[in-house]
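> From first to last, the protein sequence lines stand for chains P and S.
Everything in the first sequence is counted per the working numbering, starting at 87 for the first residue and increasing by one.
Everything in the second sequence is counted per the working numbering, starting at 1095 for the first residue and increasing by one.
Even for Gly, the Cβ is constructed at its ideal location relative to N, Cα and C.
Please find one structure pasted underneath; my questions will follow.
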Amino acid sequence: MAQSLDDISRQLKKRHRKSARMKWFSMAALIAAALFLLLFLADMLVKGIPAFQQAYVEVEIDYSERAAELPLAAVEADYRDVVSRGYLRLIPGRMAEDESLLGTKQTEWVLADDAVDQYLKGRKTRLKDKQIEVIERLVEEGRAELQFNTVFFTNGDSKMPELAGLASAAIGSVLVLIVTLAFAFPVGVMTAVYLEEFAPDNRFTRFLEVNINNLAAIPSILFGLLGLAVFINFFGAPRSSALAGGLTLGLMTLPIIIITSRAALRAVPDSIRQAAFGVGATRWQTVRDHVLPLSMPGVFTGSIIGLAQALGETAPLIIIGMIAYIPDAPSSFTEAATVLPAQIFTWAGMPETAYVERTAAGIIVLLSVLISLNATAVYLRKKFEHRW
Amino acid sequence: MQTDQILITFFAGVLLLGVLGFFLGRSKAARARAGGVHMHSQPDQYAWFTVLSAAGPAVVVAMLAAIVLGLFEDVFPGWLALVGALGLGAFGLFVGLKRVRPELRARDSLEGAVKWVLVSAASISILTTFGILFAIVFEAIRFFQMESFWYFITGTTWAPGDSFLQGAGRLGGELDASDVEPEGSNNFGAVPLFAGTFMITAIAMLVAVPIGVSAAIYMAEYAPSKVRDVAKPVLEVLAGIPTVVYGFFAAITVAPLVVSVAESVGMDASFNNALAPGIVMGIMIIPFISSLSDDVINSVPNSMREGSLALGTTRAETIRSVVLPAALPGIISATLLGVSRALGETMIVVMAAGMRPNLTGNPLEDMTTVTVSIVSSLTGDNEFESAATLSAFALGLVLFVITLALNTVSVLMIRRFREKYAVSNL
């Protein structure tokens, strides 16, 4: 097999080219993943940013006795399709509250209908030519404009897109996370302490470890089936309540907290424990006074990451009924509640175009909360991490 | 009394007993010690001993009562359990205080009690697994009493809505004898659901495995440490995005894109096509595959690389014929975990895939999956006892068994890799 030097060097060049190709190819894969992330975030921003502004129009509201019975009569006929119906419906209530309003006429900036909002943002709408004329006239007179959308942050869900907001879902999420944390944090940390500090190496311990790893990989929807069968059907927790949802998510977050807490406990060197035993501390005293405080940053980091995951989870909550229409914020753990991702899911299924941008805006809010939670976790880890 | 009132009263009562026990126990021990008596343990340990002897029995009784009340409704009123638990707690407090004596080994009892508390906390995760298993199996058995198991596994018609109509005698006018046979209505053949799940999972893996493994190869073999430090968190962000967000993205951006691309090459695509959720799910799974593969490739011993390079192979040849074969069990394990995640993924398919059971090989048509059917059968207006609702648990059982098997195989493979190369951090 005589090969000339030329042959060999040509072959070698080819092999090196092949080698370089592999490098570029694998780099391209990484870039593709990063590009996707950028594309996705850009898409959400483009779709969602407009929702942070909302159309308002300046019209004269006539607080007459007729308007108290027929809210539509409060504005001139021309503006009836321009002003938000939901806003008009509030008028009789406001008149009942503040009797001095009766009989007065006031020029106010009021919430516009979602179609007007979409028209001002340059989208296709169901508006008729006559209504468009009215809007154009209002814009020219400076009586219709986009303002910051406070409603989105102060209102609960609504069947009218211009009145729909995140507030009740946000409160629901907070209640659910409180239950989740109150359940999963102590139980998770105790399990981790048991496994790392107390457990003898026997069958029960090994089974426990395998079981926890399996639990971490079980599809989340199955936790929903468990929550439905156990918390709601068996223990009778109210359906759709923050209690049932929080406990379900707590069981789901448990493996994450256990696994990260164990890692944090394991990072504490044995010399600390031996020093404590050396001066006569019991195992529990050692753990309580030395090992646990030293591993707390790691435990907190893991818990925040677990919480962030629980905050974004939807599937098990749908199973236990947390996608109900909840216009008012829940005030207790047993009341029907909805959560941020479930609110996003509900809006995503709405036919009106105005809900599309609200969905994307809800996603922006949710992602911002998640990113700040994770950033806090990273910061905590960086700041308090102890290298031994 | 309402349930939540009982709960609040109970917690307040236990808290009160605990605080009382702590201070009474400590002051008794402290007084004895101040009197010059040699005590076995510290005053605080006597205090906690008293707390445990008061709160322990109360909590145990309350938990037993909750379980009994859950199993058999209204055998005794809730307030009776409350009074019983708190009464026993008060008695425990009294007895505990009596036992606070110099020779009592409070420290040792405390140690034992702590261990039991920790064991019972650890048992909750085991209870969860069995809870999931029993909840699903129990309801699935009820489903299979109504419907044929064999048809469920092999049948090709999935029409839970029809079973409701048949039950109400509203489908096809007459209710003939075949509809009420014990074998069931033959409306619950899950094969189209399995096919849809399989199709979407396959698409997802076609996206996730090449990109994930290549990215892992780049990060482990080529990337300078600075790039690695940036790239890893970026990929983790992909894993942290909630699935409902991916679902919205798949439905509102990717699906129309797929449709217009398909139209431009002259093909018909449904807006609920299987391709869009598949692709997006694949992107979601990339970090799961890349991060585990990265760890595995990193733990292939360097001596193997050096040996291969010393023989004159190029970098790529070393990777392809030495590193990757060595890391293969780990990569397969990562892939299996990815498959199990794709099978159980719910929100993306609920939002972007179809609702129509469809047995087809064309990814541009709409298909539905196991998880979509679970969600739609539990969010409908059907009664809980109906076959249509209970079918969710039968599908859940299938999902549970398959994902458990995949996870187990995955763990076994990674263990083999670990043992072969004596790696301890995987």
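Kindly identify the DSSP beta-bridge partner or partners of D1460 of chain S.
BP columns for D1460 of chain S point to S:N1367.
> From the DSSP output, which residues share a beta bridge with F234 of chain P?
According to DSSP, which records beta bridges pairwise, F234 of chain P is partnered with P:Q139.
> At the level of alpha carbons, what is the spacing between T1250 of chain S and A1284 of chain S?
Answer to the nearest angstrom: the Cα atoms are 6 Å apart.
> Measuring CB to CB, does N1501 of chain S end up less than 8 Å from L1431 of chain S?
Yes, Cβ-Cβ distance for N1501 of chain S and L1431 of chain S is below 8 Å.
> Quick one: which chain S residues come within Cβ less than 7 Å of H102 of chain P?
By Cβ distance, chain S contributes T1408.
> At the level of alpha carbons, what is the spacing between V464 of chain P and S1393 of chain S?
Their backbone Cα atoms lie some 25 Å apart in a straight line.
> Beta-carbon of I1346 of chain S versus every beta-carbon of chain P: anything under 8 Å?
It does; some Cβ of chain P falls within 8 Å.
> For K1209 of chain S, would you say it is in contact with chain B, using Cβ-to-Cβ distances shorter than 8 Å as the test?
Within the model displayed, chain B is absent; protein chains P and S are what it includes.
> Let me make sure I understand the geometry here. Which of P:R467, P:E231, P:A115 and P:P136 has the alpha-carbon closest to that of S389 of chain P?
Nearest of P:R467, P:E231, P:A115 and P:P136 to S389 of chain P, Cα basis: P:R467.
> Quick one: give me the first and last residue of the beta strand (DSSP E) that T193 of chain P is part of.
T193 of chain P -> beta strand (DSSP E) spans K191 to L197.
> Locate the alpha helix (DSSP H) running through S418 of chain P, then write down its first and last residues.
Run containing S418 of chain P: none; DSSP gives neither H nor E here.
> Listed in chain order, which residues of the region 350-377 of chain P have Cβ atoms closer than 7 Å to some Cβ of chain S?
Answer in chain order: T368, R369 and W370.
> Answer yes or no: does any C-beta atom of chain P fall closer than 8 Å to that of R1512 of chain S?
Judged by the 8 Å Cβ criterion, R1512 of chain S is not in contact with chain P.
> Quick one: is R1127 of chain S near chain P, going by C-beta distance under 8 Å?
No, no contact with chain P.
> What does N297 of chain P touch in chain S if you count any residue whose Cβ is under 8 Å from its own?
What N297 of chain P touches in chain S: S1219, I1220 and T1223.
> Locate the alpha helix (DSSP H) running through E283 of chain P, then write down its first and last residues.
First-last for E283 of chain P: undefined, no H or E at that position.
> Of all Cβ atoms in chain S, is any one closer than 8 Å to the Cβ of P305 of chain P?
Chain S, which has a Cβ nearer than 8 Å to the Cβ of P305 of chain P, makes this yes.
> How far does the alpha helix (DSSP H) with D92 of chain P in it reach, from first residue to last?
Unbroken alpha helix (DSSP H) run through D92 of chain P: L91 to G134.
> Taking three-plus beta-carbon pairs below 8 Å as touching, is the region 1181-1191 of chain S in contact with the region 1143-1153 of chain S?
Verdict: yes, contact present.
> Measure the C-alpha to C-alpha separation of L329 of chain P and L426 of chain P and round it to an integer number of angstroms.
L329 of chain P and L426 of chain P: Cα-Cα distance of roughly 16 Å.
> When DSSP labels each residue in this structure, what does I147 of chain P get in the three-state scheme?
If DSSP states are grouped into helix, strand and coil, I147 of chain P belongs with the strands.
> By DSSP, does F1104 of chain S sit in helix, in strand, or in coil?
In the structure shown, F1104 of chain S sits in a helix (DSSP, three-state: H, G or I).
> Can you tell me the Cβ-Cβ gap for S244 of chain P and P355 of chain P, rounded? I've got them flagged as a contact below 8 Å.
Not a contact, Cβ separation roughly 57 Å.
> Between E471 of chain P and P379 of chain P, how many whole angstroms is the CB-CB distance? I'm expecting something under 8 Å.
Between P379 of chain P and E471 of chain P the Cβ distance is about 14 Å, and since that is not below 8 Å, they are no contact.
> In whole angstroms, what separates the C-alpha of G1290 of chain S from that of V1433 of chain S?
Whole-angstrom Cα-Cα distance: 14 Å.
> For S259 of chain P, does the three-state DSSP call read helix, strand or coil?
It is helical.
> Give me the Cβ distance between G1190 of chain S and T1144 of chain S, rounded to the nearest whole Å; I'm assuming they're in contact under 8 Å.
The pair is a contact, with the Cβ atoms about 4 Å apart (cut-off 8 Å).
> Based on Cα-Cα distance, which residue from P:F363, P:I147, P:L453 and P:W110 lies nearest to V1338 of chain S?
That would be P:L453, whose Cα lies nearest to the Cα of V1338 of chain S.
> Can you name, in chain order, every residue of its own chain whose Cβ lies under 8 Å from the Cβ of S1147 of chain S, other than the five neighbours on each side?
Closer than 8 Å at the Cβ level, and outside the excluded window around S1147 of chain S, lie G1115, G1186, L1187, V1189, G1190 and R1193.
> How big is the Cα-Cα spacing for A119 of chain P and M113 of chain P?
Their backbone Cα atoms lie some 10 Å apart in a straight line.
> Going along the region 106-123 of chain P in order, which residues come within less than 7 Å of chain S, judged by CB to CB distance?
Those would be M108, K109, F111, S112, M113, A115, L116, A118, A119, A120, F122 and L123, in chain order.
> Please name the residue in P:M130, P:Q192, P:D129 and P:L131 whose C-alpha comes closest to that of V145 of chain P.
Residue P:Q192 is the option with its Cα nearest to V145 of chain P.
> If we cut at 8 Å on Cβ distances, does F1104 of chain S have a partner in chain P?
For F1104 of chain S, the answer is no, since every Cβ of chain P falls outside 8 Å of its Cβ.
> If you draw a straight line from the C-alpha of D164 of chain P to the C-alpha of D129 of chain P, how long is it?
For D164 of chain P and D129 of chain P, the distance between alpha carbons rounds to 37 Å.
> Check whether the region 1317-1328 of chain S and the region 1488-1508 of chain S touch, using three or more Cβ-Cβ pairs below 8 Å as the test.
No, the region 1317-1328 of chain S does not touch the region 1488-1508 of chain S.
> Could you spell out the range, first to last residue, of the alpha helix (DSSP H) harbouring A467 of chain P?
The question names Ala, but residue 467 of chain P in the sequence shown is Arg. First-last of the alpha helix (DSSP H) with R467 of chain P: T439 to F470.
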